[in-house]
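According to this note's numbering, the sequence shown is numbered sequentially starting from 4.
Where is the CB? At the ideal position from N, CA and C, for every residue including glycine.
Single-structure report; data block below.
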Amino acid sequence: MSAVVSRQWRLAARPSGGIENDQFEWREETLAEPSDGQVLVRTLYLSLDPTNRIWMSDIDQYMPPVEIGDVMRGGTIGVVEAPGRTGMQVGDIVQGMWGWQSHAVIDARAVRVLPRDTGLPLTAYMSVLGGTGCTAYFGLLDIGQPQPGETVVVSAAAGAVGSIVGQIAKIKDCRVVGIAGSDDKCRWLTDELGFDAAVNYRTETVLEALRRHCPDGIDVGFENVGGDILDAVLTLANFKARIPLCGLIAQYNADGPVPGPYMFRNVLMKRVRIEGFIVTDFIRRFPEAIAALSGWVAEGRIKYRVDVVDGLENAPGAVNKLFDGSNQGKLMVKVSDEPAS
Ligand SMILES: NC(=O)c1ccc[n+]([C@@H]2O[C@H](COP(=O)([O-])OP(=O)(O)OC[C@H]3O[C@@H](n4cnc5c(N)ncnc54)[C@H](OP(=O)(O)O)[C@@H]3O)[C@@H](O)[C@H]2O)c1
């Protein structure tokens with residue numbers, strides 16, 4: 004095998020506030036040959052996620068932070084170019100977490116081989132049939148436990164996770180209200196995804212708008228944002244409401260402590276259950292979620308969209324789309340061309 008050079012983004016500095024290009028260093032590194040149990044993969048797609056900002060910080064979190072000098076962590080889909088003695092084949096499509104690099108030599112046990120010829124694009128496995136879909140499925144169904152006729156409110160509703168949450172809640176016969184950051188996103192939620200109502204938090208007072216759209220109060224508040232939005236949901240929470248706490252994107256760029264919810268007292272008054280979760284808590288049950296989501300996608304009951312940025316060199320700039328709201332669906336980078344099938 005001739006030497007393979009991996010183009011990489013390594014973490015160079017920890018952010019204070021937003022993510023900047025100079026917090027990453029571009030390197031080109033010649034890879035060693037795969038040894039026993041290892042494969043050489045070429046990256047096709049790299050997932051960009053709000054949690055990239057968390058991993059860059061040296062704070063107490065659910066995984067160790069990325070160390071300065073390490074390849075930036077990230078979900079990946081790639082093609083096997085050298086399978087060594089692993090039983091894999093050249094051309095197998097695999098999913099893993101080898102991060103922000105064009106090629107990698109990795110332990111074969113750290114990847115899963117994706118099915119071929121499903122009729123779905125590979126990008127589906129990085130969105131609705133990947134961690135995003137599983138987050139929506141387990142967060143809503145296991146933690147939110149929505150019942151038919153209940154009202155479900157979803158924040159960052161036009162995003163990758165939120166858009167799937169709302170559609171699952173419709174499948175479960177709930178009234179669904181989404182909160183998003185533009186009129187276009189709100190129209191997409193109501194006109195194409197079947198949400199009952201949508202609130203543009205940039206132009207409307209969220210509490211007033213939710214009061215109007217949730218005349219029977221809120222039973223499930225799927226929380227992706229935090230801050231004023233969480234407060235509005237707590238204010239309107241019904242007795243025994245559930246709040247799956249999936250994300251707090253409004254505070255990921257904060258430099259210091261942020262205030263807690265002002266309406267925290269309603270957790271007591273209304274006996275609300277707020278439960279944080281990380282999708283990997285459910286990793287053993289991913290096949291269940293992927294089977295259900297695949298069925299709903301095939302039936303046309305769940306739609307999804309992906310926002311694909313071209314070129315690994317653009318990853319550091321592109322991740323900010325998640326924070327300014329300019330992403331239209333699951334954000335990812337196309338790192339190289341898919342092999343002809
Ligand atoms: N717990 C888990 O295991 C898990 C797994 C995956 C994701 N998550 C969390 O789920 C949330 C959504 O992630 P995603 O991957 O699906 O991303 P996404 O929703 O596709 O993109 C993030 C969206 O958040 C909204 N946003 C950003 N800053 C905001 C702010 N200050 N106030 C209100 N909205 C803001 C923007 O939409 P607008 O245009 O509407 O503002 C943006 O498009 C994040 O909090 C993420 O950390 C958690």
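Residue from the options with nearest C-alpha to residue i
i           : options               : result
residue 63  : 315, 41, 255 and 277  : 255
residue 7   : 108, 223, 79 and 18   : 108
residue 221 : 153, 170, 248 and 208 : 153
residue 230 : 169, 76 and 262       : 262
residue 197 : 335, 218, 225 and 171 : 171
residue 345 : 114, 237 and 219      : The chain is shown from 4 up to 344; residue 345 falls before or after that span and cannot be answered.
residue 83  : 116, 125 and 210      : 116
residue 5   : 43, 39, 22 and 17     : 43
residue 156 : 200, 37, 280 and 294  : 200
residue 113 : 141, 80 and 143       : 80
residue 269 : 301, 234 and 188      : 234
residue 293 : 129, 187 and 91       : 129
residue 211 : 192, 232, 271 and 124 : 232
residue 343 : 224, 95, 11 and 71    : 95
CA-to-CA distance, residue j to residue i, given in whole angstroms
i           : j           : result
residue 315 : residue 275 : 43 Å
residue 411 : residue 24  : There is no way to answer for residue 411, as the model of the chain reaches only from 4 to 344.
residue 26  : residue 97  : 29 Å
residue 173 : residue 31  : 47 Å
residue 19  : residue 258 : 6 Å
residue 74  : residue 15  : 10 Å
residue 320 : residue 242 : 43 Å
residue 101 : residue 280 : 23 Å
residue 1   : residue 41  : This structure leaves residue 1 out entirely; the chain is present only between 4 and 344.
residue 208 : residue 88  : 60 Å
residue 297 : residue 214 : 35 Å
residue 289 : residue 118 : 15 Å
residue 304 : residue 38  : 45 Å
residue 250 : residue 105 : 29 Å
residue 247 : residue 86  : 41 Å
residue 277 : residue 244 : 9 Å
residue 21  : residue 187 : 25 Å
residue 287 : residue 178 : 30 Å
Supposed close pair residue i, residue j - CB separation, criterion 8 Å
i           : j           : result
residue 310 : residue 330 : 5 Å
residue 9   : residue 34  : 5 Å
residue 46  : residue 338 : 4 Å
Near ligand 2: residue i beta-carbon under 7 Å from a heavy atom
i           : result
residue 243 : Among the ligands in the structure shown, ligand 2 does not appear; only ligand 1 can be found there.
8 Å Cβ cutoff, residue i in contact with chain C
i           : result
residue 340 : Although the question refers to chain C, the structure presented lacks it and comprises just one protein chain.
task: Indicate whether the contact test is met: 3 or more Cβ pairs, each with one atom in the stretch 174-189 and one in the stretch 201-208, closer than 8 Å.
output: Flag = yes, the stretch 174-189 and the stretch 201-208 touch.
query: Where are the beta strand (DSSP E) runs, 3 residues long or more, that stay fully inside the stretch 166-204, in chain order?
result: Complete beta strand (DSSP E) runs here, min 3: 178-183 and 200-203.
Ranges of the alpha helix (DSSP H) found wholly within the stretch 21-64, counting only runs of at least 4: The qualifying runs are 54-58.
- prompt: How do the stretch 158-172 and the stretch 131-138 stand: do at least 3 beta-carbon pairs fall below 8 Å, yes or no?
  reply: Enough Cβ pairs lie closer than 8 Å, so yes.
field: Runs of alpha helix (DSSP H) lying entirely within the stretch 259-320, each at least 4 residues, in chain order
entry: Runs of alpha helix (DSSP H) with 4 or more residues, each lying fully within the stretch 259-320, are found at 268-272 and 289-301, listed in chain order.
Complete runs of the beta strand (DSSP E) confined to the stretch 56-135 [at least 3 residues]: Complete beta strand (DSSP E) runs here, min 3: 79-85, 96-99 and 106-110.
task: Take every Cβ of the stretch 48-64, pair it with every Cβ of the stretch 334-343, and state whether three or more of those distances are shorter than 8 Å.
output: Touching, yes, given that three or more Cβ pairs across the two stretches are closer than 8 Å.
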